[in-house]
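First the structure, in the form of structure tokens, and then the observations on it.
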Amino acid sequence: MTPPLPRTDFPVTERWTYLNHAGVAPLPRPAVEAMAGYAGRVAAGGSLTVEGHGARAEEVRATAAGLMGVARTDVAFVKNTTEGLGFVANGLTWRPGDRVVVPDFEFPSTLYPWLALRELGVVVDLVAPRGRGGCLPVEAFAEVMAAGPPPKVVATSWVQFGRGWRTDLAGLATVCHDAGALLCADVIQGLGVVPADLAAWGVDFAMADAHKWLLGPEGIGVLYVAADRLDLLRPLEAGWASVAHREQWDNRELIYHDDARRLEGGSHNAAGIHAMGASLDLLTGAGMEAVWGHVERLCDRACTGLAEEAGATVLSDRSPGGRSGIVTFRLDGLDAATMHRELGDQGIVCSPRGGGIRIAPHGYNTTEEIDHLVAAVGQLAGGTGGSAAGTAR
Ligand SMILES: Cc1ncc(COP(=O)(O)O)c(C=O)c1O
């Protein structure tokens, strides 16, 4: 099985079996070159290079929009996922008693911006995940939504960071809109590995940083705001770049851009945008369907091998609609911190998360690397006497 992303573009493969794309991605060579190229141009020309950057930023915005399945004009650059979430949570207008519904088991940044609204009198109700896979089916949201007044916002990650459950955003958007609620989706754990069609699914707001599945650097991300929701958000960082009359330095009016650029107050993270652009080009060059198909096969192989050959218990839900690029597993009798250290000693990069070890392969990983993981876990299991095997549905 030839990986859709060229391994030669990933220097990390020279040393590591790198399975940590749900953590921090290794920068591919084209991204490194794009960042260095930008730095070299600014070193040589300073302000003379600014126009070139602006043109490239618009290309990268369009590519990111294509990956999300949204219009270019509905995408703003942000510094990370958390900033995107903050722009939505704090840009909306709140009244005491307004209600937000959020999953209970979430990455802190997906939860805290909403909890912070409690000081304004906003009520935050939590949705409990179901079963061993930490599943959050649409019915689980619908039940919590129906248990109180219609919420103003339902906020969730698309793919949960711990065990990788993937929420059906299209189904959830329908339930939200029927109840008059807005859907805000943190898509960092899905975008770049699972094909996305956010506008068609009806998502109102979505955000992701580049440093995971998008294969870019940390500190540059994208925020999608559906065009008909833009006026609901008060721009939190009004500045020279957020207005329609930018570069009219003595214009004292405040007329915002009529698109998502109004959320970008000042200068771009230009080095980050150049690097992210190269990474996005790599992904779109391979095609998201090919990348996703490859990652699904690697994850399937990992689940079978870990359960049947290594005696591990797979904690992630692997049903077709709920699976993602994340697989989390554990071994009876061995804590995740020890396993993480031992696997690291075998050259395998992964994370202790979700009550076990989380792996997250991407489009350049190979079956041989998954076999390396399975063999290493099997050895660890041998040391513990092994355990009962199984895959959570
Ligand atoms: C679901 C989720 N949201 C957000 C983040 C990171 O947020 P940021 O891009 O602000 O660093 C992570 C990182 O692990 C995550 O898993």
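Taken in order, the sequence shown gives residues 4 to 396; the numbers are from my numbering. Note that beta-carbon positions come from the ideal geometry of N, C-alpha and C, so glycine has one too.
| Query | Result |
| --- | --- |
| How many Å lie between Ala392 and Arg133 at the Cα? | Confidence at Ala392 is low in this model, with a pLDDT of 41, below 50, so the placement of that residue should be treated as unreliable; the coordinate-derived value is given next. If you take the alpha carbons of Ala392 and Arg133, they lie about 20 Å apart. |
| Helix or strand or just coil, what does DSSP make of Thr331? | strand |
| Please report the straight-line C-alpha distance between Ala379 and Met342, rounded to a whole angstrom. | 10 Å |
| Is DSSP giving Asn93 helix, strand or coil here? | helix |
| In the DSSP assignment, find the unbroken alpha helix (DSSP H) run with Asp303 in it and report its ends. | 291-307 |
| Could you check what DSSP says for Tyr227 in three-state terms: helix, strand or coil? | strand |
| Hey, is Ile276 close to ligand 1, as in C-beta under 7 Å from one of its heavy atoms? | no |
| For Ala392, which three-state DSSP category applies? | Its pLDDT being 41, under 50, Ala392 is placed unreliably by the model, and the measurement read from it follows with that caveat. DSSP places Ala392 in coil when its eight states are reduced to three. |
| Of all the options Ala278, Gln251, Leu139, Ile360, which has the alpha carbon lying nearest to the alpha carbon of Arg333? | Ile360 |
| From Arg166, Met148, Gly165, pick the residue whose C-alpha is nearest to that of Ala158; which is it? | Met148 |
| Could you check whether the Cβ of Asn2 sits closer than 7 Å to any heavy atom belonging to ligand 1? | This structure does not reach residue 2, given that the chain is present from 4 up to 396, and the question cannot be answered. |
| Report the start-end ranges of each beta strand (DSSP E) in the stretch 331-367 that is 3 residues or longer and not cut off at the edges. | 354-356, 359-362 |
| When the Cα atoms are used, what is the spatial distance from Arg169 to Gly325? | 5 Å |
| List the whole-angstrom C-beta distance separating Asp212 from Gly224, where the pair is believed to meet the contact cut-off of C-beta under 8 Å. | 4 Å |
| Alpha helix (DSSP H) containing Val63: first to last residue? | 53-71 |
| Look up Pro31 in the DSSP assignment and say whether it is helix, strand or coil. | coil |
| Check whether the Cβ of Thr84 lies closer than 7 Å to any heavy atom of ligand 1, and answer yes or no. | yes |
| Counting pairs of Cβ atoms below 8 Å between the stretch 298-305 and the stretch 360-379, do you hit three or more? | yes |
| In three-state DSSP terms, what is Pro154? | coil |
| Going by DSSP in three states, Met210 sits in which element: helix, strand or coil? | strand |
| So is the beta-carbon of Asp320 under 7 Å away from any non-hydrogen atom of ligand 1? | no |
| So does the stretch 52-64 actually touch the stretch 74-83, counting three or more Cβ pairs closer than 8 Å? | yes |
| Leaving out the 5 sequence neighbours to the left and right, which residues in its chain are closer than 6 Å to Ala384 when beta-carbon positions are compared? | Ala313, Gly314, Leu334 |
| Beta carbon of Ile360: closer than 7 Å to some heavy atom of ligand 1? | no |
| Answer with buried or exposed for Asn83, where buried requires no fewer than 16 other C-beta atoms within 10 angstroms of its C-beta. | buried |
| If we ignore side chains and look at the alpha-carbon of each, how far apart do Gly57 and Glu122 end up? | 40 Å |
| Run the CB neighbour count on Leu51, radius 10 Å, all protein chains shown included, and call it buried at 16 or more, exposed below. | exposed |
| Out of His248, Gly124, Arg10, point me to the one whose CA is closest to Arg102's CA. | Gly124 |
| Would you call the stretch 194-204 in contact with the stretch 160-178, where contact means no fewer than 3 C-beta pairs closer than 8 Å? | yes |
| Any heavy atom of ligand 1 closer than 7 Å to the beta-carbon of Ile3? | This structure leaves residue 3 out entirely; the chain is present only between 4 and 396. |
| Is it the case that the Cβ atoms of Thr331 and Gly167 are separated by a distance below 8 Å? | yes |
| Can you check whether the CB of Pro31 is closer than 8 Å to the CB of Ser270? | no |
| Can Phe80 be considered in contact with ligand 1, in the sense that its beta carbon sits closer than 7 Å to one or more heavy atoms? | no |
| With Leu186 as the anchor, note down where its beta strand (DSSP E) starts and where it stops. | 185-189 |
| For Gln163, does the count of other Cβ atoms within 10 angstroms reach 16, so buried, or fall short, so exposed? | buried |
| Taking the alpha-carbon positions, what's the Ala68 to Asp253 distance? | 33 Å |
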